[in-house]
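Convert by adding 228 to the 1-based position in the sequence shown; the result is the number in our numbering. Note that CB positions come from ideal geometry on N, CA and C, so glycine has one too.
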Amino acid sequence: MNAALDLQVLEDWLLTRFPTATCIKHRLPEEQVSHRFFLSFAKEERGSETAATVQVQRQYEIGYWHQDPEEVLAVMEDMAAAWYESRRIGSGIASHALRLISFTYAPMPGTASGLYGCLGTLTVERRYQLEQEPVVKMAKVETAFQ
């Protein structure tokens, strides 16, 4: 379970849903291209829930640019609707699905090349169990009362 795998799951999901789009990760390019997604890891919070489980919340930035501002809003709304409907972002890796906590987005200033864009923040959650030493079961219980 790592952020790089989460980014790969997100990229696979986006390119499956929008097959004519392109996607870049990690570094925001100086020049944007129409119909392109940008994915970046933003932050992680980890905490123990119980002695045996850990909760991990991660935030990712998702940018999208297009010549048509209506298309930008339609794509961002489509992503949000699909994620909120299923409450998870799946992948071909059966054991690696991201549970949606929230997705927000806002417009970005127009680019020098005249493209419009939105930048979103996706918060996802994963839980996993810690390995524990096996405990030997009691073989015989003796009581003090007869």
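Segment limits, beta strand (DSSP E) that includes residue i
i	result
residue 250	250-253
residue 339	Segment: none, residue 339 is in no beta strand (DSSP E) and carries neither H nor E.
residue 273	264-276
Same chain, Cβ closer than 7 Å to residue i, neighbours up to 5 away in sequence not counted
i	result
residue 357	280, 281
residue 238	267, 288, 317
residue 351	285, 287, 329, 330
residue 308	331
residue 233	324
Where residue i sits in the DSSP three-state scheme
i	result
residue 191	Given that the chain is displayed from residue 229 to residue 374, the structure contains no residue 191 and the question cannot be resolved.
residue 358	coil
residue 310	helix
residue 282	strand
residue 301	helix
residue 294	strand
residue 257	coil
residue 349	strand
residue 372	coil
residue 315	coil
residue 334	strand
residue 343	coil
The alpha helix (DSSP H) enclosing residue i, as first and last residue numbers
i	result
residue 245	231-245
Residues of its chain near residue i, where Cβ-Cβ distance is below 6 Å and the 5 sequence neighbours each way are ignored
i	result
residue 353	285, 327, 329
residue 261	none
residue 247	none
Chain D contact for residue i (CB, 9 Å cutoff)
i	result
residue 359	Here there is only one protein chain, and chain D is not present.
Nearest-angstrom beta carbon gap, residue j and residue i [assumed within contact, 8 Å]
i	j	result
residue 348	residue 304	6 Å
residue 346	residue 312	Wrong, their Cβ atoms sit about 17 Å apart, outside the cutoff.
**Prompt:** Taking contact to mean at least 3 C-beta pairs separated by less than 8 Å, is the segment 328-335 in contact with the segment 248-257?
**Reply:** As far as the Cβ criterion goes, the segment 328-335 does not touch the segment 248-257, which means the pair count is below three.
**Message:** Does the segment 269-279 come into contact with the segment 298-317, if we say contact requires no fewer than three beta-carbon pairs (one atom in each stretch) closer than 8 Å?
**Reply:** Segments in contact, no.
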